[in-house]
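Inspection log for the structure reproduced underneath, given as structure tokens.
There are 2 protein chains.
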Amino acid sequence: MSLGPGFRSFIPEEAIRALDAAEVVFGYKTYLDLIADLLAGKQVFSSGMRREVERCGQAIDQALAGKSVALVSSGDAGIYGMAGLVLDICRKRDLAVAESGVDSTEGGVDLFLKIVPGIPAFNAAASLAGAPLMHDFAAVSLSDHLTPWEIIEKRLRAAAAADFVLAIYNPRSKSRPDLLEKAREILLGERSPQTPVAIIRRAMREGQWKCVTTLGGMPVEEVDMQSVVIVGNSSTYMWKGWMVTPRGYLDKYEL
Amino acid sequence: MSLGPGFRSFIPEEAIRALDAAEVVFGYKTYLDLIADLLAGKQVFSSGMRREVERCGQAIDQALAGKSVALVSSGDAGIYGMAGLVLDICRKRDLAVAESGVDSTEGGVDLFLKIVPGIPAFNAAASLAGAPLMHDFAAVSLSDHLTPWEIIEKRLRAAAAADFVLAIYNPRSKSRPDLLEKAREILLGERSPQTPVAIIRRAMREGQWKCVTTLGGMPVEEVDMQSVVIVGNSSTYMWKGWMVTPRGYLDKYEL
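Right under this line is the structure:
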């Protein structure tokens, strides 16, 4: 299930209900800390980064043991979250997984699964910058932990060449502080240095910070793993601190 | 402000509060009908499709007249919604727009704006299909009403060639029923006919319907303007009715 960007007021009732119904809750510690008060009386398994396979496997074990389990992702569980890994593991273990709430008259279901969507991090970030995602966009994670850098590079180049707005996830880690700079060099091969860029750190969380800048002038050192970087397309403009990608209405219609 | 996909349980408190605070509400009729009971006592301006410029202009007029105004988009207001057009119009009219909640000690602010994000339609759709958006993805609208078809075609080709998962908005209208078929032909130039595809109609609304199929075999005639079509990348698999794009965890880690 999805927690959204962070602040409680962005978690819809559907997610609160899923948490309420759970006897056991799994998640990355930083995210569970955001909802600590909702976890009273529940068995809570929190773990650190890069323990995703173990965490999802244990969540599945608990569900197979008959427990009602919530596995928490921040943002949307279906975007760089845990929804896919749960299904990957179920498939590898050859489990029969049915959709929650669907009658299973055939029987033989090992576990019922419901994926609860949430507000993705890049939408929360975009709303703070203005309206940069109003036209076709691409999301690319710069993490080369599971994806070869050549593929990431190819996607950045293709998206820039086809004039997509870009939402960049995992832009800069402590262990790989150079990835964003490499990405910027690639994008500058296809886009003007004047292209508007928004950096949004910790959108809708304590410590929220943002900056609307340009591809040529962006302060790369301000970016961390809790940031989303949005790079405009060739029509995106900056205006009084807002970053906007027009969809084209005012080219077609009179005011 | 954003309404999310439809069902009330997916509207976060932040959006409910924005509606509560509004004296005047603007929106597309179909979306306002979803929240009719929340509109009691408010002045409501609902309009049809293709009246977006007029609707946003009137909403700005009301705000300039001192009213507290909510302009409603379904899904996320920042994704093919109304957030950008509001800023476009304010810029054209040379209005001073400040962020709601930010102190404006400099004065001279014409109106205060807050963009409330919501769960986008494609995330709601993806959650019903499984986890198709777990890796880098691109969103493309097939509407050629404001965007030349050549640009749409270029983006589809680039996204397919760089192995993005694709979320297709506005896939098939009554007036242009052939657009999805044209898009499919383009994608088949870069992707196997076996590529998994999900069609999700009216996700999280009355009449919800979905189908997990393939690019070669997809029932194009089932798709309408209230559908999202998700096309997998080269790693996406179908398994017992679920569509999943693996992020690569199980290639790297043992179960």
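Chains Y and C supply the protein sequences, listed in that same order. Each residue of the first sequence is one higher than the one before, starting from 31 at the first, in our numbering. Each residue of the second sequence is one higher than the one before, starting from 31 at the first, in our numbering. The beta-carbon is built from N, C-alpha and C at its ideal position, and this holds for glycine as well. Computed from a prediction, not measured in an experiment: that's the story for all the values here.
Neighbour flag for residue i against chain C, beta carbons, 9 Å
{"i": "Y:Val242", "result": "no"}
{"i": "Y:Asp106", "result": "yes"}
{"i": "Y:Trp179", "result": "no"}
{"i": "Y:Ile230", "result": "no"}
{"i": "Y:Phe142", "result": "no"}
{"i": "Y:Ala70", "result": "no"}
{"i": "Y:Ala95", "result": "no"}
{"i": "Y:Phe194", "result": "yes"}
{"i": "Y:Tyr267", "result": "yes"}
{"i": "Y:Leu216", "result": "The question names Leu, but residue 216 of chain Y in the sequence shown is Ile. So no, Y:Ile216 is outside the interface."}
{"i": "Y:Lys59", "result": "no"}
{"i": "Y:Val259", "result": "no"}
{"i": "Y:Ser76", "result": "no"}
Buried versus exposed, by CB contacts within 10 Å (16 or more), residue i
{"i": "Y:Asp208", "result": "exposed"}
{"i": "Y:Gly105", "result": "buried"}
{"i": "C:Gln73", "result": "exposed"}
{"i": "C:Pro249", "result": "exposed"}
{"i": "C:Met112", "result": "buried"}
{"i": "Y:Met79", "result": "exposed"}
{"i": "C:Ser222", "result": "exposed"}
{"i": "Y:Asp63", "result": "exposed"}
{"i": "C:Trp239", "result": "exposed"}
{"i": "Y:Glu284", "result": "exposed"}
{"i": "C:Pro162", "result": "buried"}
{"i": "C:Gly237", "result": "exposed"}
{"i": "Y:Arg277", "result": "buried"}
{"i": "C:Gly108", "result": "buried"}
{"i": "C:Ser257", "result": "buried"}
{"i": "C:Ser130", "result": "exposed"}
{"i": "Y:Asp67", "result": "exposed"}
{"i": "Y:Ser205", "result": "exposed"}
{"i": "Y:Ser171", "result": "buried"}
{"i": "Y:Ala45", "result": "buried"}
{"i": "Y:Arg47", "result": "exposed"}
{"i": "C:Pro178", "result": "exposed"}
{"i": "C:Asp118", "result": "buried"}
{"i": "Y:Ala95", "result": "exposed"}
{"i": "C:Gly247", "result": "exposed"}
Rounded Cβ spacing between residue i and residue j (contact assumed at less than 8 Å)
{"i": "C:Asp259", "j": "C:Thr266", "result": "Checking the sequence shown, residue 259 of chain C turns out to be Val, not Asp. C:Val259 to C:Thr266, Cβ: 13 Å. No contact."}
{"i": "Y:Ser168", "j": "C:Phe194", "result": "Reading off the sequence shown, one finds Ala at residue 168 of chain Y, where the question assumed Ser. The pair is a contact, with the Cβ atoms about 6 Å apart (cut-off 8 Å)."}
{"i": "C:Asp166", "j": "Y:Arg123", "result": "The pair is not a contact, with the Cβ atoms about 27 Å apart (cut-off 8 Å)."}
{"i": "Y:Ser76", "j": "Y:Ser32", "result": "In fact, because the Cβ distance is near 17 Å, the residues do not count as touching under 8 Å."}
{"i": "C:Val261", "j": "C:Leu245", "result": "6 Å"}
{"i": "C:Ala188", "j": "Y:Ala191", "result": "6 Å"}
{"i": "C:Gly36", "j": "C:Met255", "result": "In fact, because the Cβ distance is near 15 Å, the residues do not count as touching under 8 Å."}
{"i": "Y:Leu141", "j": "Y:Leu125", "result": "6 Å"}
{"i": "Y:Arg202", "j": "Y:Val253", "result": "4 Å"}
Closer than 9 Å to chain Y by CB, residue i
{"i": "C:Ser203", "result": "no"}
{"i": "C:Pro226", "result": "no"}
{"i": "C:Ile65", "result": "no"}
{"i": "C:Arg235", "result": "no"}
{"i": "C:Trp239", "result": "no"}
{"i": "C:Gly138", "result": "no"}
{"i": "C:Leu210", "result": "no"}
{"i": "C:Met255", "result": "no"}
{"i": "C:Val127", "result": "yes"}
{"i": "C:Gly111", "result": "yes"}
{"i": "C:Gly278", "result": "yes"}
{"i": "C:Asp166", "result": "yes"}
{"i": "C:Ala89", "result": "no"}
{"i": "C:Asn200", "result": "no"}
{"i": "C:Ser130", "result": "no"}
{"i": "C:Glu44", "result": "yes"}
{"i": "C:Arg290", "result": "There is no way to answer for residue 290 of chain C, as the model of chain C reaches only from 31 to 285."}
{"i": "C:Ser39", "result": "yes"}
{"i": "C:Asp118", "result": "yes"}
Neighbouring residues, chain B, relative to residue i (Cβ below 7 Å)
{"i": "Y:Tyr283", "result": "Of the protein chains in this structure, namely Y and C, none is chain B."}
At what residue ranges does the stretch 232–257 of chain Y contain a whole run of the beta strand (DSSP E), taking only runs of 3 or more? Runs found: 239–244.
Which runs of the beta strand (DSSP E), 3 residues or longer, sit entirely within the stretch 140–212 of chain C? The qualifying runs are 141–143, 167–171, 195–199.
Take every Cβ of the stretch 139–158 of chain Y, pair it with every Cβ of the stretch 139–152 of chain C, and state whether three or more of those distances are shorter than 8 Å. Counting Cβ pairs under 8 Å, three or more are found: they touch.
Would you call the stretch 55–62 of chain Y and the stretch 46–55 of chain C touching, i.e. three or more CB-CB distances under 8 Å? Contact between the stretch 55–62 of chain Y and the stretch 46–55 of chain C is absent, because fewer than three Cβ pairs lie under 8 Å.
Would you list, in sequence order, the uninterrupted beta strand (DSSP E) runs of no fewer than 3 residues that lie entirely inside the stretch 34–98 of chain C? Unbroken beta strand (DSSP E) stretches of 3 residues or longer found wholly inside the stretch 34–98 of chain C: 54–58, 73–77, given in chain order.
May I ask you to verify whether the stretch 212–230 of chain Y touches the stretch 210–222 of chain C, counting CB pairs closer than 8 Å and requiring at least 3? The stretch 212–230 of chain Y vs the stretch 210–222 of chain C: no contact.
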